[in-house]
Structure formats: structure tokens, C-alpha cells
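Protein chains in written order, with our numbering: chain C, 2 to 385; chain S, 10 to 312. By construction, the Cβ of each residue, glycine as well, lies at the ideal position given by its N, Cα and C atoms. Being a predicted model, the structure only gives us computed values, none of them experimental. Notes for the one structure printed next.
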Amino acid sequence: MKHRKLALIGSVILAAAMVTGAFAGEAETLKIGLVCPISGNSAIAGKYITHGVDTAQAELGGKVTAKDGTEYNLEFIYMDNEAQEDKTVNVFQKLIEEEEVIAIVGPDMSKCALAAGPIAQNAGCPVVATFATNTAVTEVGDYIFRACFIDPFQGKMAANYIWGKGYKTTGIMYNNADAYPTGLVDAFKEVYEGLGGEIVAIEEYSGSDIKDYNVQLTKIASAEPEALFLPNLLGELGLQIQQARSAGLTCPIVCGDSADTPEVGEVAGEAVKGVGYVSAFSAESTADAAVAFVEKYTELNPDELPNSNAELAYEATMMVANAIENADEVTREGVRNALASIQDLELPSGKMTMAEDRNPIKGGVVMEYDEEGVSHFVEAVAAD
Amino acid sequence: MNYFFQYLVYGLQLGSVYALLALGYTMVYGIVGMINFAHGDFLMIGAVGTYFIAKAFEGMRIDGTYPMLIVGLIILIAMTMTGFVATGVEAIAYRPLRNKPRMIALITAVGVSMFLENFPRALPFIGPNPRSFPTLFSTNVLKIFGATVTVTQIIMIVLAVITMSILYYVVNHTKVGSQMRAVSMDKDAASLMGININRVISITFFIGGALAGISGICYASAYPQVDVYMGSWLGNMSFVSAVLGGIGDIRGAMLGGFILGIAQIFATALNSTFGYAVGFIILIIILLVRPAGLMGKLVIEKV
């Protein structure tokens, strides 16, 4: 009994000490949530995303200074959504209600952002999705932003690139069970056919479980297109590229930005040579901000170069930090308003301005894999 | 119809994976009377295991390919390993529940399946990331009737047929086989006749596991990407194949696997959106006409 009493008194004293400690000049801590697939099918993307946010953290030094001169400590909470909608919803609820974050960075996928967006919107918590390129993501509400360009822009870039290379006919194979490929295909069709190109074969498959694309690719090969557009997900592309080559499709292949990881080349092997893709960012870019970012990133992660996932996670984090700095008052609402009015923020992918529809206005690049499975910068595409 | 043979080859390729896996489903059902939903995950154990075994033998590669002897050894080790995993699963998870109602064993099987997927995922050296599967078989390409056929595809199809024949022989013409059939008819009576039921069931699971292991190697050679979740969807497809052919019948599993594989490929060729749904439509039609499956005999259970 006596011991218990002692322990009780001890813990009261300890708690009091902690409370007074907080008042004794310690800066207030702002929490920022990061939601990305740390495990699961898309864990590769999650690795780059966490490294990108690590880089942003290192650059900020764990602190931001608000407009009124108050200094805040930043605490980042990394949460795993396994690239699944239901898990994203749970993680959002946890971050908003329990951790009381000021803003959320992520998720990276359109389907997850679409599922969890309404929760953040209703709670009034600003979200900057990193790689959610589907148009509908920011239409959820005025608290939802994104760091990447939108699907129509990617589809447009791919269409412009293929047309610009002089390929007048294209075949498409895409996953009809995911919002990302369908969004890209719609935009691609509109722009490519508008330019005068002809889509000679369009084949679908339903979902990521399917690993056999031989039939679809054989049918496309029989239509003899001059180029093949594969706007599919990361885990699917390696096998598709390999099967396309063995089905006799020798034409150039162009993918969406999901092809932007070295693992695609690892699965596809030699077949990856000459495969192009549209992307947000290239580590080979020569802009000052990009060079500085790549330097910092490789300093923290000596064995890898940042890809678009890493760069967009970095940019999303910097956008939130910038918004906290420029907010009239450091609340969720204040940060939202500041995010909405970002102008000419210097980022690795160039100057970024937040548009009225909460989509950033920024440029992109076209990349191409060499025979080693390393991608190289081909050309830059400016914001339109 | 130019592509008829090409599609047939693709269908046989997919079908041979279903068939090999369905053999395991059907054997376990035929002899123990339970549906082992974890069977698809034995395929994953086989494929992921082979990835690591092949890595261990990496030093013995000549010009980037493994010599035939080493490939044989890798397959043998992988099959034995998967066989022992299956036997272990049976001994730990299913044996204590053998005399309980069937529903309990069924739910346990679902639990084992989840465990087999998520435990390797949690291990740091395996993890959730998809990996590129090493090239074990020759990637040479042949032209037959205008269709492109790889050596891997031929090996897969031939392997499936040979394995089924051996299995059919073992079950029908050997001592172990007659013990299996006896256990399948009546466990208690078989036990009274001096048959060691535990041993027979362990052997059944070992064979089923080894077959799943080899189908994992085949599948990963045709679609060279392995991850811990690859087994669940394939397991479902093979279960459908086994039911289609008449679960419990070895020839039926084979037939069901090839029918489903070929049907899915041809249906995809007609309309890629509905390709995989067609497999299930065929299943429903066949079960409406023949409720016990193509080769199955309808057994009316007396209560």
C-alpha cells in the first residue's frame, strides 16, 4: 500500500515537472502527418517518399518561424497506408483526431486520396497529396491540395511527346480497375486524336492480380501501332514491358509517371531499353533548386538518387512548411489559406504557383531508360 | 484465326499452373476431406523460396544462366522445402482439429493462409516488395504453326502432364496409394486395418506442397515477379479448377485447370474486360449441369 502511494506521488511530481517544462520557454510543437505505403505492394514508392520527407526535414532543421516571429518545432508522424483505401481512411482519422496534426502530406495514390479526402475536408485539416494525379482528388473540397500535376497533363504530355516524335498510330493497354490508368487514357485519347493521331488498338485488363497480358499485347501487335502507351501501375509495368517485347511489339513504349523507379527495369530486364515515360522531375535536371535537393538527398541516402516520388514528397512538405511560415495564424484554417495563395515558390521542379483549383501549375519532363535500366532526361515540358 | 495457336499456347501455359496447384487441392480434399485454402500460399513459399535458393547458387552461373544440373537441384530443394512446410502446417494447424466439425478446419485454413502471407512479409529479408525472379529455364523461342513458343512454356506444360501421370500411378498402383484410398474411404476402418493415418495424411500434404512448390517455380518463370501475395489469387483460381474438374479426382483437377486457363485466355481475346469473369460463368454452367464437376462422382452423404 505504502509503495503504491509513493509511486502515485512520484508520478504526480513527474507530471508536474513535465508541464512546467513545457512552459519554461520550450517552443510549441506542430505535428505534420505523412501518409504513404511503407509496406505492401507499393512499398518501393513509400521508401522514396519517406526519404524525400527526411530530406525536407533535414533542410528545415526541425523548425519553422511563423509570420509573427514565433518559432515552432516540427514533428513528423510517418503512417503506413499499405496503398489501400480503407487503411488510408483509418490513418487519416488517427492523425486528425488523435495526433491533432496541423496538416497531412500524402497519400501518394489517387484512389487513397479520393477515399480519405472527405475525412480531412470535414475535419478542416489541410492535405497536400504527393502523387495523386487524378483530377477528382482536389475536387473533394477546399482543404485538399496536391504537389503533382494532374492526369490530364500527364496524358497530354505523353500524347504531345508521341505525336512530336512523328508516331501517327498508337496502341494502348491499361488497367480498367484503377482511377490512375483510366484518367491518363481519357486525357491521352482527347489530345492525341485532337492532334490527328489514331489509336489503332485499345485493350484492357481488370486489376493488379492479373500477370498475363499476352493476349492483349498480341492483339495490339497485330494492329501494328507505331507506339505503345502503357499508363499502368508500378507493380504491373515490368512484366508488361517484358511481355510486350516477347509478343513482338518492337515499337517505342511510353508509360505514365509510375514507371519512374529503377525496379521497373529490374523486372523487365533488357526489354526496358528505350522505354520512355512522363515524369514530374529528373535528378539530372540542372536547375539550382534541383541540384541542391539532389545533393542533400544523396547525402542522407548515399546509395540512391531521388525519383519523382521522393521529389514530390519533398515539395509537398516544403509547401506545408512555407504555408506555416506565411499563415496569418498558425491553425489548420490559416495553413489552408496560405497553401491556397502560394506563388512562385522555388522548388526542384521549377517555380510553382497554386492555382485556383488547388492544383499546382508546374512543368514536367520526359525520361527514357537505357539498356542498363537507368533512366535519362530527354526533354522538359513546361507548364501550359 | 491467325492467333488461334498462339492463344492456345498462352492458355495451356496458364492452365498448367492452375492444374498443378489444383492437384494439391484435390488430393487433400480427396483424402482428408477438407479444403486447404492455404494451398495457394504454398505456391508462394515455393516461388519465394526458389528466389533465395537460386541466390545462394548464384556463384555457379555460367554466362548468366544456371547449368541444368543446378536448376534440377534448385527445384528439388524448393519442392522438398515446400513439402515440409505443408506437412508442418498440417501437423500444427490441421491435425489437432481433424475430428472437429469441418467448418473449424475450413476457418483454420483461411487463418493459415493469412499467416503464410503476412509472416514472410514481416520478415525483414523477405518483406513486401515484389522481386524479379531469376531465369532458370532457357528463354529460347521456337515457332510452331506460326505461334511463338518459349522453352519455358513447353517445360511447364509437359511438367504438368508428367506430374499428373505420376500422381495418378502412385495413387492407383502403389502401396502408399492404396493406403491413401483406404483413408479416403473410411479413416477409422483404415486405422483398424493397421494403416498409420497420420503418416498417410502427412505424405499427402507433402506431395501437395511439393506440387505447389513446382507450380510456383513454373509460374514465376513465366511471369518473373514474386511477392508474398502472389498465392492467394492463384489459389482461388486453382480451387475453381479443382471444383470444375470434380474435386477429389486427379484427372479432373488437371482437366479443370487446363479448361479454366484456356477459357480465360480465349475469353480475354474476345473481350479483355470480361476475360476472367468468363471462367466463373463456365464454372456455374458446369456445376448446374454436373453438380459434382466434370469427373466427380456425386456422393450422397448419409446423415
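For residue i versus residue j, is the C-beta spacing smaller than 8 Å?
{"i": "Leu238(C)", "j": "Ser259(C)", "result": "yes"}
{"i": "Ile45(C)", "j": "Asn138(S)", "result": "yes"}
{"i": "Thr59(S)", "j": "Ala87(S)", "result": "yes"}
{"i": "Thr30(C)", "j": "Tyr79(C)", "result": "no"}
{"i": "Leu75(C)", "j": "Ile33(C)", "result": "yes"}
{"i": "Gly24(S)", "j": "Leu269(S)", "result": "yes"}
{"i": "Gly257(C)", "j": "Pro232(C)", "result": "yes"}
{"i": "Val80(S)", "j": "Val235(S)", "result": "no"}
{"i": "Phe14(S)", "j": "Gly155(S)", "result": "yes"}
{"i": "Ala272(S)", "j": "Ala31(S)", "result": "no"}
{"i": "Phe46(S)", "j": "Ser122(S)", "result": "yes"}
{"i": "Pro233(S)", "j": "Val268(C)", "result": "yes"}
{"i": "Val129(C)", "j": "Phe146(C)", "result": "yes"}
{"i": "Thr170(C)", "j": "Phe230(C)", "result": "no"}
{"i": "Ala281(C)", "j": "Gly365(C)", "result": "yes"}
{"i": "Asn323(C)", "j": "Asp329(C)", "result": "no"}
{"i": "Ala202(C)", "j": "Pro226(C)", "result": "yes"}
{"i": "Ser247(S)", "j": "Tyr34(S)", "result": "yes"}
{"i": "Thr89(C)", "j": "Cys126(C)", "result": "no"}
{"i": "Thr159(S)", "j": "Thr74(S)", "result": "no"}
Between residue i and chain S, is there a C-beta pair that is closer than 8 Å?
{"i": "Glu267(C)", "result": "yes"}
{"i": "Ala23(C)", "result": "Its pLDDT being 46, under 50, Ala23(C) is placed unreliably by the model, and the measurement read from it follows with that caveat. No - not a single Cβ of chain S is within 8 Å of the one on Ala23(C)."}
{"i": "Ala44(C)", "result": "yes"}
{"i": "Asn323(C)", "result": "no"}
{"i": "Asn177(C)", "result": "yes"}
Give the interface partners of residue i over in chain C, defined as CB-CB distance under 9 Å, in chain order.
{"i": "Ile274(S)", "result": "Asp213, Asn215 and Val216"}
Residue i by DSSP, collapsed to three states: which one?
{"i": "Ala25(C)", "result": "Caution is warranted here: a pLDDT of 45 is assigned to Ala25(C), below 50, making its placement in the model unreliable, and the coordinate value is therefore given only provisionally. Coil, per DSSP."}
{"i": "Phe282(C)", "result": "coil"}
{"i": "Asp81(C)", "result": "strand"}
{"i": "Lys166(C)", "result": "coil"}
{"i": "Gln234(S)", "result": "strand"}
{"i": "Lys152(S)", "result": "strand"}
{"i": "Thr282(S)", "result": "coil"}
{"i": "Gly136(S)", "result": "coil"}
{"i": "Ile84(S)", "result": "helix"}
{"i": "Gly249(C)", "result": "coil"}
{"i": "Phe9(S)", "result": "An answer regarding residue 9(S) cannot be provided, because it is not within the stretch 10 to 312 covered by chain S."}
{"i": "Val20(C)", "result": "Here the model assigns Val20(C) a pLDDT of 48, short of 50, so the residue's position is not dependable, and the following value carries that caveat. Here Val20(C) sits in helix by DSSP."}
{"i": "Phe46(S)", "result": "coil"}
{"i": "Ala104(C)", "result": "strand"}
{"i": "Tyr34(S)", "result": "helix"}
Report the neighbours of residue i on chain C: residues whose CB is nearer than 7 Å to its CB, in chain order.
{"i": "Gln15(S)", "result": "Thr219"}
{"i": "Ala251(S)", "result": "What Ala251(S) touches in chain C: nothing, since even the nearest Cβ is about 19 Å away."}
Does any C-beta atom of chain C lie closer than 8 Å to the C-beta of residue i?
{"i": "Thr319(S)", "result": "For chain S, the structure presents residues 10 to 312; residue 319(S) sits outside this window and is missing."}
{"i": "Pro233(S)", "result": "yes"}
{"i": "Tyr75(S)", "result": "no"}
{"i": "Ser247(S)", "result": "no"}
{"i": "Thr282(S)", "result": "yes"}
{"i": "Tyr12(S)", "result": "yes"}
{"i": "Tyr103(S)", "result": "no"}
{"i": "Tyr285(S)", "result": "yes"}
{"i": "Ile166(S)", "result": "no"}
Applying a beta-carbon distance threshold of less than 8 Å, which residues of chain S neighbour residue i?
{"i": "Ser40(C)", "result": "Arg130, Gly136 and Pro137"}
Open item on the list: By the 9 Å beta-carbon criterion, what residues does the stretch 198–210 of chain C contribute toward chain S?
Closed with: So the list reads Glu204, Glu205, Tyr206, Ser207, Gly208 and Asp210, given in the order they occur along the chain.
Open item on the list: Taking beta-carbon pairs under 9 Å, can you tell me which members of the stretch 131–147 of chain S lie near chain A?
Closed with: The chain labelled as chain A is not found among the protein chains of the depicted structure, namely C and S.
Task: Under 7 Å (Cβ pairs) to chain C, residues found in the stretch 19–47 of chain S - done: For the stretch 19–47 of chain S, the beta-carbon criterion of a distance under 7 Å to any beta-carbon of chain C is satisfied by Tyr19 and Leu23.
Open item on the list: Can you pull out the residues from the stretch 225–240 of chain C whose beta carbon lies closer than 8 Å to at least one beta carbon of chain S?
Closed with: Contacts with chain S (Cβ-Cβ distance below 8 Å) from the stretch 225–240 of chain C involve Gly236, Gly239 and Leu240, listed in chain order.
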